[in-house]
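**Q** One structure follows; several queries about it will come next.
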Amino acid sequence: MRIDLLSRNPQVTPEQMLEGFKPTARFGAVSFDNYHPNGDYPSQAQTRDTLREFTSNPPQPVKRLFRKPKPVEGLGFYLDGGFGVGKTHLLAASWHAFDGKKAFLSYQELLYTIGMLGMHRAIAAFQGYDLLCIDEFELDDPGNTHMTSTFLGQLMPLGTHVITTSNTQPEHLGQGRFNAEDFKRQIQAIAEHFAVLSIDGPDYRQRGAGVGKPLRKSDLTALEAQAGTHVRLTASELNLHLTRVHPARFSRMLEGIEMVLLDDLVCMSDQNIALRFVHFIDKVYDLNLNFAASGEALEQLFPATYRYGAYAKKYSRCLSRLTEMLSISAKTLDQLSSVG
Ligand SMILES: Nc1ncnc2c1ncn2[C@@H]1O[C@H](COP(=O)(O)OP(=O)(O)OP(=O)(O)O)[C@@H](O)[C@H]1O
Ligand SMILES: [Mg+2]
56 MRIDLLSRNP QVTPEQMLEG FKPTARFGAV SFDNYHPNGD YPSQAQTRDT
106 LREFTSNPPQ PVKRLFRKPK PVEGLGFYLD GGFGVGKTHL LAASWHAFDG
156 KKAFLSYQEL LYTIGMLGMH RAIAAFQGYD LLCIDEFELD DPGNTHMTST
206 FLGQLMPLGT HVITTSNTQP EHLGQGRFNA EDFKRQIQAI AEHFAVLSID
256 GPDYRQRGAG VGKPLRKSDL TALEAQAGTH VRLTASELNL HLTRVHPARF
306 SRMLEGIEMV LLDDLVCMSD QNIALRFVHF IDKVYDLNLN FAASGEALEQ
356 LFPATYRYGA YAKKYSRCLS RLTEMLSISA KTLDQLSSVG
């Protein structure tokens with residue numbers, strides 16, 4: 056059944072947001088056991104072991120006679136590494152292994168929640184959580200930096216542990232995006248909450264994936280004929296729609312959809328639109344939806360100034376994810392044509 060994505064612009068209450076903070080489908084069943092460290096990169100096994108040890112034996116509040124236990128300051132782990140090295144896998148594995156009150160959310164979702172509730176209520180909402188797993192930590196502007204430093208500065212001393220992933224080393228946060236020098240103290244204060252666990256290695260997604268490239272329109276039609284609940288629209292229609300829906304609501308917008316078919320990918324020459332598209336692809340990927348697209352080659356989607364600019368990592372990651380999803384669809388098509 057084809058669904059009209061353009062008619063979906065869901066509103067999400069703070070309570071619904073909080074309830075939904077769990078690993079998405081792609082990471083619904085990952086664990087430390089099904090993470091296979093690459094022996095050439097010892098940092099992979101080391102990071103896994105550190106997180107396994109922490110989640111199985113986190114510091115506990117100090118018991119006191121006749122008084123409430125005294126919380127120990129929350130620990131912080133910052134998983135830093137290139138794309139596709141398994142950071143989110145390890146983050147979700149930590150969430151699954153940890154016994155306690157816990158939330159798994161993207162940094163975007165955290166900011167959106169703080170924005171929606173206000174700082175005071177957001178801290179109250181997360182106080183009492185034993186663990187926050189925050190995926191894709193980034194500092195894009197001074198406002199975010201201030202919000203993040205206040206939030207972590209107030210929450211972690213009350214005993215909430217935080218594990219986060221990022222493609223940027225903490226000391227380089229914000230660089231090239233805003234005048235990070237002016238916010239050095241705050242960025243430093245954020246970094247001080249975390250022990251950095253760097254993960255090296257190649258992009259796991261590119262293993263045997265081949266080069267993903269857009270398919271033909273007729274291929275999309277063949278996939279559509281087999282698809283369950285799906286959406287099909289042009290990339291331009293999608294991009295216009297995305298300007299009206301906050302990225303933190305993309306998940307809900309895609310609820311119940313199994314496949315996304317996009318026609319006519321074209322170069323996105325507006326950075327705001329390009330970044331929204333990147334977030335959309337992130338969600339499609341995290342939700343483990345099937346995805347296919349027709350149109351221009353992947354290298355043409357984002358102007359070189361974007362691909363090598365301040366958000367270079369976001370674009371590279373998006374291209375890595377598109378490559379993987381498109382090559383899976385190409386394989387599905389091969390299977391369909393060999394059956395037919
Ligand atoms: N060592 C590994 N063993 C098993 N699966 C892995 C391993 N590394 C990555 N994967 C799988 O490869 C895919 C990509 O990994 P993941 O999304 O965790 O990478 P990432 O470092 O978070 O990348 P990004 O920077 O793009 O967010 C996931 O499906 C993940 O489960
Ligand atoms: Mg990730």
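Here this note's numbering is used: position 110 in the sequence shown is 165, and no number is missing along the way. Glycine included, C-beta positions come from ideal geometry on N, C-alpha and C. If you're wondering where the values come from, they're calculated on a predicted model, not measured in any experiment.
Among Val-217, Tyr-340, Phe-305, which one has its Cα closest to the Cα of Leu-293?
**A** Within the sequence shown, numbered from 1, the residue matching residue 293 stands at position 238. Minimum Cα distance to Leu-293 is reached at Phe-305.
**Q** With a threshold of 8 angstroms (Cβ to nearest heavy atom), would Phe-138 be considered close to ligand 2?
**A** In the sequence shown, residue 138 corresponds to position 83, counting from 1. Phe-138 Cβ: within cutoff of ligand 2.
**Q** Mind checking whether Gly-129 and Thr-215 have CB atoms under 9 angstroms apart?
**A** In the sequence shown, counting from the first residue as 1, residue 129 sits at position 74. In the sequence shown, counting from the first residue as 1, residue 215 sits at position 160. Contact: yes.
**Q** At a threshold of 8 angstroms, does Asp-190 count as lining ligand 2 (C-beta to nearest heavy atom)?
**A** Counting from 1 along the sequence shown, the entry for residue 190 is found at position 135. Checking the Cβ of Asp-190 against ligand 2 gives yes.
**Q** So, using beta-carbon positions, are Ala-147 and Pro-92 closer together than 9 angstroms?
**A** Residue 147 sits at position 92 when you count from the first residue of the sequence shown. Residue 92 sits at position 37 when you count from the first residue of the sequence shown. Their beta carbons are not under 9 angstroms apart, which means Ala-147 does not touch Pro-92 by this criterion.
**Q** Just the Cα atoms here: how many angstroms apart are Phe-233 and Leu-353?
**A** Position 178 of the sequence shown holds residue 233. Position 298 of the sequence shown holds residue 353. Phe-233 and Leu-353: Cα-Cα distance of roughly 28 angstroms.
**Q** By a C-beta neighbour count over all protein chains shown, 10 Å radius and 16 as the cutoff for buried, is Cys-322 buried or exposed?
**A** Position 267 of the sequence shown holds residue 322. Answer is exposed; the Cβ neighbour count stays below 16.
**Q** Using the beta-carbon count (16 or more within 10 Å), is Leu-120 buried or exposed?
**A** Walking along the sequence shown from the start, residue 120 turns up at place 65. Under this definition Leu-120 is an exposed residue.
**Q** How would you call Glu-379, buried or exposed, if buried means at least 16 neighbouring beta carbons within 10 angstroms?
**A** Numbered from its first residue, the sequence shown carries residue 379 at position 324. With 16 or more Cβ atoms within 10 Å of its Cβ, Glu-379 is classed as buried.
**Q** Can you give me the Cβ contacts of Ser-161 inside the same chain, cut-off strictly under 6 angstroms, excluding the 5 residues immediately before and after it?
**A** What you label residue 161 is simply residue 106 of the sequence shown in a count that begins at 1. Cβ within range, chain order: Asp-190, Glu-191.
**Q** Please work out which residues of its chain come closer than 7 angstroms, Cβ to Cβ, to Thr-220, disregarding the five sequence neighbours upstream and downstream, and give them in chain order.
**A** Here residue 220 corresponds to residue number 165 of the sequence shown, with the count starting at 1. Excluding sequence neighbours, Thr-220 sits near Leu-134, Lys-142, Thr-143, Leu-146, Asp-190, Glu-191, Phe-192.
**Q** Can you give me the C-alpha to C-alpha distance between Phe-153 and Ala-179, rounded to a whole angstrom?
**A** Looking up residue 153 in the sequence shown gives position 98. Looking up residue 179 in the sequence shown gives position 124. When rounded, the distance between both Cα atoms is 22 angstroms.
**Q** If you measure from the CB of Asn-345, is any heavy atom of ligand 1 nearer than 8 angstroms?
**A** What you label residue 345 is simply residue 290 of the sequence shown in a count that begins at 1. No.
**Q** Hey, would you say the C-beta of Gln-99 is under 8 angstroms away from at least one heavy atom of ligand 1?
**A** For this step, residue 99 is matched to residue 44 along the sequence shown. It does: the Cβ of Gln-99 is within 8 angstroms (strictly closer) of some heavy atom of ligand 1.
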